[in-house]
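Residue numbers (the numbering used here), protein chains in the order written: chain A, 1 to 75; chain B, 76 to 150; chain C, 151 to 424; chain D, 425 to 698; chain E, 699 to 904; chain F, 905 to 1110; chain G, 1111 to 1492; chain H, 1493 to 1874. The beta carbon of each residue, even a glycine, is placed where N, CA and C say it ideally should be. Worksheet: one structure, shown below.
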Amino acid sequence: MTTTTTPRPSNGKATTPVQILLEAPWCKGCAICADLCAKNVFVMKNNLPMIVNLSACTRCMLCEMRCPDFALTVI
Amino acid sequence: MTTTTTPRPSNGKATTPVQILLEAPWCKGCAICADLCAKNVFVMKNNLPMIVNLSACTRCMLCEMRCPDFALTVI
Amino acid sequence: MNYMNYLRKERMPLIWCTGCGNGIVLKSLLRAVERLGWDKNEIVMVSGIGCSSRTSGYVDFNTVHTTHGRALAFATGIKMARPELKVIVCSGDGDSTAIGGNHFIHTARRNIDLTLLVFNNNIYGMTGGQYSPTTPMGGWGSTAPYGNAESAFDICGLAAAAGASYVARGTVYHVMQLDKLIEGALLKKGFSIVEAITPCPTYFGRHNNQKTPVAMMNWQEENTVTAARAAKLPPEQLKGKIITGVLTDRDLPEYVEEYEKLVERLRAQDNLAR
Amino acid sequence: MNYMNYLRKERMPLIWCTGCGNGIVLKSLLRAVERLGWDKNEIVMVSGIGCSSRTSGYVDFNTVHTTHGRALAFATGIKMARPELKVIVCSGDGDSTAIGGNHFIHTARRNIDLTLLVFNNNIYGMTGGQYSPTTPMGGWGSTAPYGNAESAFDICGLAAAAGASYVARGTVYHVMQLDKLIEGALLKKGFSIVEAITPCPTYFGRHNNQKTPVAMMNWQEENTVTAARAAKLPPEQLKGKIITGVLTDRDLPEYVEEYEKLVERLRAQDNLAR
Amino acid sequence: MSFHYEIRLSGSGGQGLVLAGHILAEAAALYDGNNATQSQSYGPEARGGASRSEVIISDGDIDYPKATHVDLMLALTQQACNKYVGDLRAGGILLVDANEVANLPHGDYKIYAAPIAQIAEQEVGKKVVTNMVALGLITELSQVVTTAAVEQALRKRVPKGTEEINLKAFHKGREAALKLQNHSFSSTGAENGALANEVEAPFSLE
Amino acid sequence: MSFHYEIRLSGSGGQGLVLAGHILAEAAALYDGNNATQSQSYGPEARGGASRSEVIISDGDIDYPKATHVDLMLALTQQACNKYVGDLRAGGILLVDANEVANLPHGDYKIYAAPIAQIAEQEVGKKVVTNMVALGLITELSQVVTTAAVEQALRKRVPKGTEEINLKAFHKGREAALKLQNHSFSSTGAENGALANEVEAPFSLE
Amino acid sequence: MKTLTPRTHMMAGNTACVEAALLAGVRFYAGYPITPSSEIAELMARRLPLLGGKFIQMEDEIASIAAIIGASLAGMKAMTATSGPGFSLMQENLGYACMTEVPCLIVNVQRGGPSTGLPTSPAQSDVMQARWGTHGDHPIIALAPSSVRETFDETIRGLNLSEKYRVPVILLLDEIVAHVNEKVTLPSTEEIEIIARTKPLEASEQYLPFAHTASGVPPMANIGEGYRYHVTGLAHDESGFPTGEAKKVDALIRRLHRKIDDHLDDIIQIKTEYLEGAELAVFAYGSTARSARRAVLMAREENIPVCLIRPVTLWPFPVEQLRGWAKQFSHVLVPEMNLGQMAHEVEHAVQSATKVVSLTRIDGEPIHPQQIFAKIKELAQR
Amino acid sequence: MKTLTPRTHMMAGNTACVEAALLAGVRFYAGYPITPSSEIAELMARRLPLLGGKFIQMEDEIASIAAIIGASLAGMKAMTATSGPGFSLMQENLGYACMTEVPCLIVNVQRGGPSTGLPTSPAQSDVMQARWGTHGDHPIIALAPSSVRETFDETIRGLNLSEKYRVPVILLLDEIVAHVNEKVTLPSTEEIEIIARTKPLEASEQYLPFAHTASGVPPMANIGEGYRYHVTGLAHDESGFPTGEAKKVDALIRRLHRKIDDHLDDIIQIKTEYLEGAELAVFAYGSTARSARRAVLMAREENIPVCLIRPVTLWPFPVEQLRGWAKQFSHVLVPEMNLGQMAHEVEHAVQSATKVVSLTRIDGEPIHPQQIFAKIKELAQR
Ligand SMILES: Cc1ncc(C[n+]2csc(CCOP(=O)(O)OP(=O)(O)O)c2C)c(N)n1
Ligand SMILES: Cc1ncc(C[n+]2csc(CCOP(=O)(O)OP(=O)(O)O)c2C)c(N)n1
Ligand code: SF4
Ligand code: SF4
Ligand code: SF4
Ligand code: SF4
Ligand code: SF4
Ligand code: SF4
Ligand SMILES: [Mg+2]
Ligand SMILES: [Mg+2]
C-alpha cells in the first residue's frame, strides 16, 4: 500500500490535505487514472501510477471513481 | 354444394347475375356471413346460411372474404 | 378468386373451431399471393405450434411446421440458404411473442427479408385458453381465472423498436385493409410483420364478454381506429383503441443483402490481390 | 466511500483485464447503494454468464451467478417469492440481449420491480470477442472478421417499447452521471434498466481502432451527447452519437404489486362471502 | 358377485360429455360406494374431431382405465358413432340420438334411438342440457348407478343456479328410457365410409 | 534412438506464448520431420490467471498431449513460475526472465536466468517480441529443434511485414543462450506462499 | 347409498399433484402451458392466490424452471410442470439446480414423442431423458406413480426428497395417470410427513453453503436470512466460490452423487405383488403397471407363477433389488410405452441372471392388459 | 530438414473439423459461441464467405440448430457447434430433426459439467445426453474421434451418414481433441468419399417424403425443387401430414429406428489393437483413448496381454462386437472423463461375460496414461 500525503495548496477550495492511496497489487496499470486526470497528478511508471504533482489535485475524485480495480483511493 | 343463381337486379352496378355457392360440408355455421352482410342476404337455418334475399346483394364480397372456412363463394 | 389453387383440398375442412378467425387471415394472405402472381414452388410457409400455426398444413406451398416459438429461426436458415425463396411465417401471439419473443426481436434487428403474420387472438388457443403476452390486463385466461395481472405487449411497437422495416396491424373484420397490409408486407424488402387481430371465440371470446364469433367481429369494428384517423384524434379518444394500418415503413439495411455485399467485397479484394 | 464494506475482499483482485470498464460500473453501483443506505442482507445480485456477470462474485450481497441469459428469469422468481428484497441484475450485452433477449422484453413487459444493469461493451468478452447484438454494423468481431453485417439493437429503445418504467444510458467515462442514473434506477418502482457503455479493451477496443483503455474512455467522451442536449441538436449532428441520460421514466403498473392487488381483491371477496 | 361395467359417451366437443362422465363416475364412486374411473380423449394438440368420455364402474379395483369391452355406448353424432363403436361388445347397448345418427352400425348390439337433443330443446327448453338428458337415459338403461346417486353428483357438479333445469333434463331422459326399454333393435348398418368427407366438428377442451 | 521432449512456456496472457509454442511445434513437426503437439490451458471461462502453452516433440507417436515430465520450462512471470514449475522433471531446465522471477523454486533444476523482456525492449526495440527472444533461448537450450526449422516456421506464422524484427529477436535470444549456456544454477528457493496475494495478470484468448 | 369420508374424491392425477403440492407447502409455481400438463398450471393459478402463494406464467419453460429455482433460493417451496418439449427446454437449468443443490419439483406429464409427436396421447418415453437430459455428470431422482392416489403421495415424497437432499426431483407422470379421474381417499394431514430443508445452525461467518458434510447434504440458508453467500453453476468449493482446483472439483461432483448413492434405501421405492415363489416377473411402472397388474391377476387365475415388480422410484434405478430377485425368474417381461428404455436398465441390472423381454408400444395407445397377458402366457410356456 | 507433402499441417481438432466440413460440402453454419467450441464458429466465419457459403451467428443455440435445419431443408449441407450448456438447449430441436429426418451435423465440444461447470477443461460427460437428451424415442448417431486426423475423418463421415440416413449426427469432441495442435497429413480429395442425400426420382404427385422404403430412408426433395410437401414434428404419415392413427404412428417411429438398426455395420466403427489373445481389454474413446493407448503400450512392454478397444462410433453402441469379444477377457477397463457412462453400456453389453472396471475422472484433468497403466497392472494381477 503506497500512501502519499501532502497538505493541500490553499487554492480556495478544500483545506484538508489530499491523500491518494494505491493498493498496488490490485492495480493493473491501465493508466486511466493518469491519462484522464485533468491536473496531470500522475505519470505511469513501471505500469503503476506515480504521483508527480499532488499539489495540483482538486480532489475531483474522478481518478478514484474511474479506477476499474479498486486500486486508487483519494482521501 | 348449394348453388343459387339469380339475375342481378339492375341497380346500376354489376349486370351479370350473382351466384353464391356454399360448400356445406365445410361450413361450421359461425353466422359471420349472415350477420355481417349489410344487405341481410342470408339467414341462418339449421346452422347453415340460407339465402333469402339474393337480389339485395351488392357483390361486395365481404361474406366470402370473411367466411373463415372457405365455404362461401360469391361469383 | 379460386382459393383452391393454393390449398391442399384433401386436408379440408379446416381443423379450427366455428368462427375462428384464422381462416379469414389465411384467405387474405392467399389473395395477396394471387395478386402478386407468385409461383407456389418459390413460396415457403414456416409456422410454429399453435392453432394459427396449423395454417401451414393447408396451403399448397413448401410448408414447414416447426417447434413452438422457433419458426423465425428456421425461416432464417431457409432464407439465408436460398435467398430467392419467398418466406412467409405464420405464428400466433404466443408462438411469436411468448416463447418465440427472442427470435422475433432478433429477426427484426437483422431485418432479414421475411414476412411474419402474427395471428393475434390474445390467448393461447391450442392449449386451452391460457393468457398470452397480449391478453389485456384484467382479461380472463384459464391461467388468469381472476383476471390477468400482467401488462400486454404492443407487438407492433416492439417490432419497430427492434428494427423491422415494415410493421402493420389489421383485423379480420377489416378484411380489405388486411389484404393491402399483407400485400405491402410481402412486397417489402426486409423484415415485414403484419399483426392480424383475429377472434378465438372458443377461449377468448367466450370468457371475455364476446360470446359469439359475430360479437367478436363487431368488437373489432367498434374498437379500431386507422392510423390515419388516429393522427387526428385527441389521445383520450384513442384510449383502449386498436390502431390499424401501416405503422412503420422504412428502408433499412437488409441482412441477406448486407451479407452478400460483404461476400462481394471480399471477392473484389480477392480479384485485386490476384 | 469505503468500497470494501461492500466487497468480498478475499476475492480481490478482480479477474477482469487491464482497463476493463466492468469495475467502474461496479463502483458506481456500490456508491449508489451506499447513498441509499440499503442493508446488504436485503440485496440480491443476480447475474448470468459473461465477464460482466462475474460481478456477482465480488459483492458482499446475496449473490446468484446463474446460466447464460437467464438471470432475469431467476431474478423474477426471487422477487416474486420475497418482494421485500432488492433485486439487482448484472448482465452483459450478450447475456441480456442475445440469448437473454426474451427474458429481457418479458421482464420489461411485466414491469417487475427489478433493476438491470447492462454492461454494454458491444462484444462477447468472455468467449473471445465474437460480435454481439450491439456490435455496430461494420465493426470487428472474431466471428465478424470482415466486419459485422448485422444491425445493432438500441437496448434502451427496446426496453421502453417492451414496457419498462425507467430506462437510462450512461458511460463509464461520465461516471458522475452514471451514479445518478443507477441511483434513479434503484429507487424506481417497476423494471428499471441502466445501459452502461463500458470498454472491453481486450477484444472490442483492440480490433476496433481504440487501442488502449484510455483511448476507449476518450472515445466515449467524444461520442456521447446527453438527452437534454440532444433535444436541442439537429439530427445530422446526432448521427452516430450515443444519447445518455434518463430516456424513459414513467409510472406503469408493476407486476408484483398488481399480483398482490389481485390477492387482496380475492381476500376481500372471501371476507364478503363469509 | 363382482361386476365391471364400461360406458362410453361420444359426440362432438362442447356437448358436455366430459361433465356427464364426471357425474356418472362420481355417482358410482362417491354415492353408490363402488369404484369408478372417468377419462377422455383428445385429438392432436387439443383441437378437432369427435370426442369421447369413458366411465368404468366396478366393485373391484380398476386397473386399466380405458374402455375396451364397452357395455354401453352413447353416440350423439354420426361421426362419433362411426369412429367409436368398434369397442362396443357383442350384446352391448348402443344409445344414439335418433335425429343425428341415421346410419346405424351393423353388429350384435341392443340399439336404442331417442331424440336426445330434441328432448333437451323442446321438453326442457335448452339444448345445452342434452348431456343431462343422455345421462338420464344411461342411468335407466345401464342400471349400474342409482338415480339418487346421480342426482347428488349432478347437484354437486353443475354450475350453481342451474341445478333444477339439469335435474329436469336428467329426469326427462329417464322417462324417455322407460318408454324405450322395450324398443331396442339391431341394424344391418350402412357403410361407414360414406361419411368420410363430413365436416369435423370443432373440439374444445372442457 | 527414440526421444520425447516436453516444453512448457508460461507467463501471463497476451505475452504471445501460444504463438511461440505454435512456431516451436511447427518447426519440429513440419520442418524437422518429427512429431509434435502443442496445447494451451485457459482459466475458467477464458479469463484470468497465468497462462501456459505446451509443446511435446517426439520421433514417435504422441498419445498423451499434455506435458507431465517437463524437460524445459520457460517462466516469464513469477506467478507462472510458482504455478507451473511443479511438473518440471528433476534435472530439467528452468528458463526465467531474470527481471521478473525473483524467487526461484527449490529443486533439482538447471536454472537459466536472462533478462528476456529487457532484451526485447532494449536490443530489439519492441517489448512484444519477448516471445521470440524466449524462442531463441529455448531453441539453443533445448537442442530439440533446428534453427533453420524455427526460422521457417517463424516466417510462416508471424504477421506479414514483421518477419524481420521477429527473426532479429529470435536470434538475440539465441545469442543470449549461448552466453548463458555455462551459467545455469540451482536455487534453494523462496516460499511460494509469499506471493499468494499478488495481482493475477489478465488473460486474453489469443 | 354409502357415506364416505370427506377425504374421498373423484380426482385426476394432475389435480392430485396440485393438491398434494399445496399440502406439502408449495407456494410458488411458474410454468408455461403444454398439453397434457396444463391443468396443473390452471389449478395452481386458481388455488395459489387464495393461499397467499404466487403463480406466474413465464414466457417459456426455460424461464419457468429458472423462476422456481430463484424462488426456492429465496425460501419458497416451488415447482413447475411441463411435457416433453418443455422438459427438453428445461435441461440446461435442471443441471443448474443439480449443481447448485436447489430443491424444486419438476413434473413431466409424458406424451408421445419425439418432437411435437402426439401431444394428447400417453407415452413413457422420457424416462431416459429424465436421467440424462442435461449435460455433465449429475445425480437425479425421478418418480413414476401409477395411480391418482400414488401421484398424490409421490408429489409429497418428491418434494420431501428434494428438500432433504437439496436436489431437483422429477415427477414423471404420463397422460393416463394425469387425466384419469378415479376415486381416491386422501390421507389425513396427520398421516402426511412434510420435510423442509435443513437450515444452518452456525453463524454466517462459519457457514459453508456447499460443505462436504457426512450425509453429503449441506444445510441451506435462504436468501435474505443474513448469510449472503454465492451461488454459481461453475465448479465451486465448499464456500460456493468458483474453483478450478482438481481436488475440490472432484470432491464437489462426487459429493453430489454421494448424496443420492448413500441414501438409496430412503429414496428407492419398489413394490411387488406375488413375488414369493414367482418364476416369471413383469416389471412395469406408471400407468402401464396398471395393465401389468391386471395381466398378472389374469395369469395367476390360470396358475401361472408370475409376479409384478413395480418401481415407483425410477431414478436412482433399483439395481440391487432387481439383482437380488433376478435368479428366481426365467424371464422378466418389461412392458412400457417406449422402445424399451427401462428394459435396457433391467437387462443391465440382472446381468443375464434372467432373460429380459421387452414389450414396447409407441403408437399413442396404452398397453392393454390382454397384450401383456398374452406375452406372460407365451413366456410361461417357453 | 525434410520436405513434407503439402497436405501435412499442424492443426487443432476444431480446425480439422472446419476444414473437413468445408470439404464435405458444408456451406451453411449457424451457431452461438461457447468455449471450447468457439474456434469452429470463428473459422467458419472466416472461411465460408470466401466459398460462397453462409455464416450466421444466431441469438442462441436454439435458434442455431433451428437455422441449420431450415438451411438443410432448403438443400444446403449445414452444421453447428457448441458445448454442454448449448447442447442442452438444442435438445428440443434436435428431436425435431430426428422426427423430420433432416440431415445436419451438431458438434459438441465437451467441457466439464454439469451446468457451467469447468468451461475450459476437458470432459466426456455428455455421451449419455447425446443419446437421450431429447424427449421421446429417437435414434441417434454419435461419433467420438481421438485425434485431429480422426476429427477430420469423422466430420466427413458424420456428414455422410447424416445425408445417407437423413438423421442429425452428433460429433462428440472433447476439449483436448478440439484444442491440441498436432501434425496431420490430410487425405487427398480423391481419397475422400462424399455422400449427398438421395433425391426423389418420381414426380411431385407421386412423391412420399416420408415413405417407408425398404432401406428405411426416404428420398429427400429440397425446398424449392417443386415438391411442395409438408414437414412437421407431429407424428405424421408417409405423405408428411399429421396423423394420430396408431398403425401409422407405429410405422413411423419404428422406421426411424430401423434406419439405424438395419445399418449398424455401415455406421459402427470400432478399432482394436492387440485384440488377438488379449486377456484384458481397455475400452476407451475420445482423447482418453490416447492415454489408454499409451498405457496399453506400456503394459505390453511388461508382457501384460492387454488390448485396446476404441469405439469411434459411440451411438449406436457396438453391442454385438463387444459381446463377441467379451468372453476372452477377465476384465474390461473403461477409463473415461465422466462417472462411468460408457462403462454402464459396456456392462450391459457384456452381460457378466467379463468384469467391467470403471475408471472415472471428473475434475477437469485428463486421465493420465500412468493412471490407466497402474490399473491394468492391478487387474493383471487379480
Ligand atoms: C416447447 C413447447 N412449449 C409449450 C407447448 C404447448 N403449446 C402449444 S401451442 C401453445 C400456445 C399457442 O398460442 P398461440 O401461439 O397464441 O397460438 P394460437 O393457438 O392461439 O393460435 C402452447 C403453449 C409446445 N408445443 N411446445
Ligand atoms: C448456453 C450458453 N451458451 C453460450 C455460452 C458461452 N458464453 C459465455 S459468456 C458469453 C457471452 C458473453 O457476452 P456478454 O454477455 O456481452 O458479456 P461480456 O463477457 O462481454 O461481459 C457466451 C456466449 C454459455 N456459457 N452458455
Ligand atoms: S482527484 Fe481528480 S485531480 Fe486529483 S488526482 Fe484524481 S483525477 Fe486528478
Ligand atoms: S486506474 Fe487503477 S488500475 Fe488503472 S493504472 Fe490507475 S490505479 Fe492502476
Ligand atoms: S357479397 Fe356482400 S352483399 Fe352480397 S351477400 Fe356477401 S356480404 Fe352480402
Ligand atoms: S361464414 Fe362460412 S362458415 Fe360461417 S356460417 Fe357463413 S358459410 Fe358457414
Ligand atoms: S381454440 Fe381459438 S384459436 Fe384455436 S381454433 Fe378454436 S377458436 Fe381458433
Ligand atoms: S475480455 Fe473484455 S469484458 Fe472481459 S474482462 Fe477483458 S476487457 Fe473486460
Ligand atoms: Mg394465440
Ligand atoms: Mg459484452
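Residue i - containing beta strand (DSSP E), residue span
{"i": "C1596 (chain H)", "result": "1596-1604"}
{"i": "E1674 (chain H)", "result": "1673-1677"}
{"i": "L1160 (chain G)", "result": "Where L1160 (chain G) is concerned, there is no enclosing beta strand (DSSP E), given that its DSSP letter is neither H nor E."}
{"i": "H908 (chain F)", "result": "908-916"}
Proximity below 9 Å, CB of residue i to CB of residue j
{"i": "S476 (chain D)", "j": "S515 (chain D)", "result": "yes"}
{"i": "A1459 (chain G)", "j": "P1415 (chain G)", "result": "no"}
{"i": "Y548 (chain D)", "j": "P1525 (chain H)", "result": "yes"}
{"i": "N797 (chain E)", "j": "N780 (chain E)", "result": "no"}
{"i": "R1830 (chain H)", "j": "A1615 (chain H)", "result": "In the sequence as displayed, the identity of residue 1830 (chain H) is Asn instead of Arg. Yes, the pair counts as a contact, with Cβ atoms nearer than the cut-off."}
{"i": "V596 (chain D)", "j": "A620 (chain D)", "result": "yes"}
{"i": "A1252 (chain G)", "j": "P1146 (chain G)", "result": "no"}
Buried/exposed call for residue i, threshold 16 Cβ in 10 Å
{"i": "G1268 (chain G)", "result": "buried"}
{"i": "E372 (chain C)", "result": "exposed"}
{"i": "D759 (chain E)", "result": "exposed"}
{"i": "R1874 (chain H)", "result": "exposed"}
{"i": "C60 (chain A)", "result": "exposed"}
{"i": "Y430 (chain D)", "result": "buried"}
{"i": "Y679 (chain D)", "result": "buried"}
{"i": "S10 (chain A)", "result": "Low local confidence applies: a pLDDT of 48 at S10 (chain A) is under 50, so the model's placement there is unreliable, and no value is given."}
Limits of the alpha helix (DSSP H) - the one that residue i falls within
{"i": "M1238 (chain G)", "result": "1237-1242"}
{"i": "R533 (chain D)", "result": "525-534"}
Where residue i meets chain F, residues with beta-carbon distance less than 7 Å
{"i": "R1785 (chain H)", "result": "D967"}
Using Cβ-Cβ distances below 8 Å, what residues of the segment 14-41 of chain A are close to chain D?
Residues P25, W26, K28, G29, C30, A31, I32, D35, L36.
| said: For the segment 380-405 of chain C, list every residue whose C-beta sits within 9 Å of some C-beta in chain D, in sequence order. | reply: For the segment 380-405 of chain C, the set of positions with a beta-carbon nearer than 9 Å to some beta-carbon of chain D reads L402, P403, Y405 in chain order.
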